[in-house]
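Okay, so the sequence shown: first residue is 83 according to my numbering, each after it adds one.
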Amino acid sequence: MTLYGHIFLMKGLVFLLYGVMIFYCTVCPVDRAWSKEADYDRILLDPIVVSPGRSPVPSSRIAGQVEVFTAEDLHGLPARNLAEALNYMPGVDIQNNGPFGQATAVSIRGSNSRQVLVMVDGIPFNTQLSGQANLSRIPLENVAQVEVIKGGDSSAWGSSLGGVINVITKPPGTGPKPHGRLTTSFAQFAAAKNSLELDGKAGAAGYSAFGSFLHADGHLADSRTQEIKNFTKVKYDFNPSTDISASFGYSGAQLRYGPTNAGRIFDQPYISRYGAVELKTDTMEHRVSTAYKYNDQDITTDTYNSSTGARVSSTVSHNFYQGLSFNDVYEWHSDRTLTMGMDFDWHALKSSNYLTKAQGQCAVALCQFGLGGGGLGFYSGAAL
83 MTLYGHIFLM
93 KGLVFLLYGV
103 MIFYCTVCPV
113 DRAWSKEADY
123 DRILLDPIVV
133 SPGRSPVPSS
143 RIAGQVEVFT
153 AEDLHGLPAR
163 NLAEALNYMP
173 GVDIQNNGPF
183 GQATAVSIRG
193 SNSRQVLVMV
203 DGIPFNTQLS
213 GQANLSRIPL
223 ENVAQVEVIK
233 GGDSSAWGSS
243 LGGVINVITK
253 PPGTGPKPHG
263 RLTTSFAQFA
273 AAKNSLELDG
283 KAGAAGYSAF
293 GSFLHADGHL
303 ADSRTQEIKN
313 FTKVKYDFNP
323 STDISASFGY
333 SGAQLRYGPT
343 NAGRIFDQPY
353 ISRYGAVELK
363 TDTMEHRVST
373 AYKYNDQDIT
383 TDTYNSSTGA
393 RVSSTVSHNF
403 YQGLSFNDVY
413 EWHSDRTLTM
423 GMDFDWHALK
433 SSNYLTKAQG
443 QCAVALCQFG
453 LGGGGLGFYS
463 GAAL
């Protein structure tokens with residue numbers, strides 16, 4: 083076929099496509115209108131943001147800057163864990179302190195990693211030893227939403243000058259039939275990951291469970307990673323307005339990498355056990371919640387001489403946190419909220435770097451007023 087023949091064929095295809103579009107717009111107006119309406123509704127839906135006011139508020143009513151990643155957003159990212167996913171959020175910088183599976187440091191708008199508070203369902207993950215939180219310990223598969231608070235609004239959560247990263251896990255199942263998913267993935271360096279998800283509801287009790295196992299060899303001669311994560315959440319409805327929920331998670335790993343250029347091999351096993359029990363009551367005007375939370379983290383770092391195999395140094399630390407919180411959200415006129423609450427936190431640190439055990443307690447009372455409507459939002463509060 084000549085060049086003119088190709089041009090004639092392309093013109094014919096263009097006219098054919100125009101004809102199909104005109105036919106669709108004139109003969110099928112109902113379907114076209116329904117499609118526009120569906121797209122319009124989809125655009126107007128706002129993700130629910132919990133962090134700024136400690137109660138569910140549409141993002142259009144938040145005066146501060148809050149970035150949100152939903153489960154769909156996370157699924158579409160080429161990320162293996164939460165740390166890699168947050169690298170795609172503007173203003174958030176993730177620093178890797180070693181190969182895959184090693185500790186990560188997070189910074190928001192250039193802040194120090196100690197100034198960024200990381201929470202999972204309100205449970206702090208920052209350790210007392212370094213003040214940082216390792217995002218690689220948080221399973222990405224059971225995350226429903228990640229909220230990143232930047233600026234002055236983060237001060238509502240206490241010691242979080244740089245910002246707050248609040249991870250909200252997926253809710254328990256609602257269907258009477260159990261649903262599950264088994265996933266297997268492979269990658270270079272003999273990396274393999276198997277994960278299992280299960281959720282459902284039996285009577286008034288909904289449940290969800292997740293578990294995964296990962297094994298990978300590093301790019302160095304004596305490197306490997308073995309990681310186990312699991313998470314379980316149960317919710318029981320006493321009546322349409324009152325429920326109690328409990329969630330428990332475990333993250334453990336055996337990390338080894340080396341030899342480095344300095345002739346060292348590092349062993350870094352860690353274990354993190356965390357959970358929460360929360361009682362909620364939702365009436366016409368009040369949303370009252372009481373929660374107990376804990377996080378128990380064991381971190382070990384052993385350094386060996388790659389030539390002799392002798393241990394050069396060892397650091398063992400045990401971080402324990404437990405807290406009790408109470409919140410009462412009063413809402414009237416559908417656009418005004420008054421949040422009052424109390425937080426009681428208790429921290430303990432035992433490390434081989436220190437001779438004695440360190441402990442600390444903290445009690446915070448908070449009051450916050452919110453006004454939103456017409457696309458505008460105003461929030462003011464105080465914490466003592």
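For every residue, glycine included, the Cβ atom is placed at its ideal position computed from N, Cα and C.
8 angstroms Cβ cutoff met for residue i and residue j
i	j	result
N387	V394	yes
G244	G282	no
V228	V202	no
K311	S294	yes
L296	S433	no
F320	F292	no
V200	I231	no
Length of the line joining the Cα atoms of residue i and residue j
i	j	result
H415	Q147	25 angstroms
S218	A187	10 angstroms
Y339	T324	49 angstroms
I220	I381	15 angstroms
G255	K317	9 angstroms
K375	N343	42 angstroms
T214	M366	The identity of residue 214 in the sequence shown is Gln, whereas the question assumes Thr. Distance between the alpha carbons of Q214 and M366 is about 40 angstroms.
I326	A430	28 angstroms
K259	A284	8 angstroms
S396	A273	28 angstroms
A440	Q379	15 angstroms
V411	R369	5 angstroms
V446	A269	47 angstroms
A298	R418	51 angstroms
Own chain, CB closer than 8 angstroms to residue i, minus 5 neighbours either side, in chain order
i	result
S389	G345
A153	V225, A226, Q227 and K252
Nonlocal neighbours in the same chain, by C-beta distance under 6 angstroms from residue i, ignoring five residues either side
i	result
A185	N179 and N216
N163	S218 and L222
Q443	W428
V198	V188, I190, G244 and G245
Y356	I205, G331 and N377
F151	V228
S354	R219, S333 and Q379
When the options are compared against residue i, the one with the closest alpha-carbon
i	options	result
S290	K275, F330 and I353	F330
F207	L156, I190 and Y403	Y403
S195	G204, L337 and D175	D175
G300	G192, F271, A165 and S212	F271
D425	I231, V411, L406 and F348	L406
T438	H400, A445 and I347	H400
L361	Y352, A373, Q350 and G391	A373
Close beta carbons around residue i, own chain, < 7 angstroms, minus the five adjacent residues each side
i	result
A303	P341
N169	I176
Proximity test, Cβ basis, 8 angstroms: residue i and chain D
i	result
G146	The structure shown has no chain D; it contains just one protein chain.
Sequence ranges, alpha helix (DSSP H) only - wholly within the region 229 to 304, length at least 4: none
Any chance you could list the alpha helix (DSSP H) runs of at least 4 consecutive residues sitting entirely within the region 139 to 215, in chain order? For the region 139 to 215, whole alpha helix (DSSP H) runs of length 4 or above, ordered along the chain, are 153 to 157 and 164 to 168.
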